[in-house]
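These notes concern the structure reproduced below.
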Amino acid sequence: MTMQTAIFAGGCFWCMVEPFENLPGIEKVRSGYTGGTVANPTYDEVAAHMTGHTEAVKIWFDDDIVSYESLVDLYWQLADPTDAMGQFADRGDTYRPVIFVKDDGQRQIATASKQALAASGRFDQPIVTTIEDAKPFYDAEEEHQQFYKKNPLREMLMMIPRKKYQHKYWSDKEDTSHGKA
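Per the working numbering, residue 91 is the first one in the sequence shown, and the count goes up by one each step.
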């Protein structure tokens with residue numbers, strides 16, 4: 091078993107946990123904040139745009155079971171890569187789409203995947219998701235962890251715009267297994 095980590099930002103972190111968490115090979119997924127300038131930020135500070143952080147998820151995964159490439163592929167299906175200043179109903183820089191990479195290997199995979207997505211013609215707008223070096227990741231407060239289990243109705247309502255996005259752009263995608271490539 092080779093445990094690795096990945097960090098993705100794509101709107102509200104509440105909506106990013108469950109899709110990753112349900113993949114085989116995922117050890118854990120934590121909601122948190124990254125990319126800013128303040129150590130140990132709180133939800134209120136991040137939401138008030140006082141820290142420069144983006145809401146994100148950190149994923150611990152066994153790359154013998156699920157590849158980083160598969161995680162990036164799933165990420166594109168969860169976050170609108172054409173919206174630089176938010177995701178769906180979530181607006182502002184704290185919700186911008188970012189793939190945070192920890193090394194050159196992740197950067198190469200993310201960059202190639204982004205280029206392939208841009209060349210695919212799937213979107214009629216430019217792909218604006220940024221690929222940035224990983225910064226310190228701070229876990230969100232416990233009430234923000236596993237939100238989909240704690241507040242299933244609210245989570246379901248929040249997922250409606252993402253589900254519409256997924257249906258519009260990804261319903262024709264044949265391979266949704268996200269297993270080891």
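Here a beta-carbon is modelled for each residue, glycine too, at the ideal position from N, C-alpha and C.
- The beta carbons of G101 and G176 sit closer together than 8 Å.
- Remark: three or more beta-carbon pairs, one from each stretch, lie closer than 8 Å, so the region 126–134 and the region 221–236 are flagged as touching.
- In this structure, the beta-carbon distance from D153 to E117 does not fall below 8 Å.
- Residue range I116 to T124 is occupied by the beta strand (DSSP E) that includes K118.
- Between K192 and T172, the alpha-carbon positions lie close to 23 Å from each other.
- The three-state reading of DSSP puts D153 in coil, since its state is none of H, G, I, E or B.
- By the neighbour-count criterion, in which 16 or more other beta carbons inside 10 Å mark a residue as buried, L164 falls on the buried side.
- Sequence-distant partners of E231 (beyond 5 residues in either direction) whose C-beta falls short of 8 Å from its own C-beta, in its chain, are T132 and Y133.
- V218 carries a coil assignment under DSSP once its states are collapsed to helix, strand and coil.
- Straight-line spacing of the CA atoms in T92 and G115 works out to 10 Å.
- Taking the CA atoms as reference points, Q256 sits about 19 Å from E159.
- Under the three-state reduction of DSSP, V128 is assigned to coil, being neither helix nor strand.
- Apart from the 5 residues on each side of it in sequence, A138 has no Cβ closer than 8 Å to any other Cβ in its chain.
- Distance from the CA of F237 to the CA of V147, rounded to the nearest whole angstrom, comes to 12 Å.
- Judged by DSSP in its simplified three-state form, F213 adopts coil rather than helix or strand.
- Taken in chain order, the complete alpha helix (DSSP H) segments of 4 residues or longer contained in the region 154–194 are 158–168.
- With fewer than 16 other Cβ atoms from the protein chains shown falling within 10 Å of its own Cβ, L243 counts as exposed.
- Counting other Cβ atoms within 10 Å of its Cβ, K204 reaches 16 or more and is therefore classed as buried.
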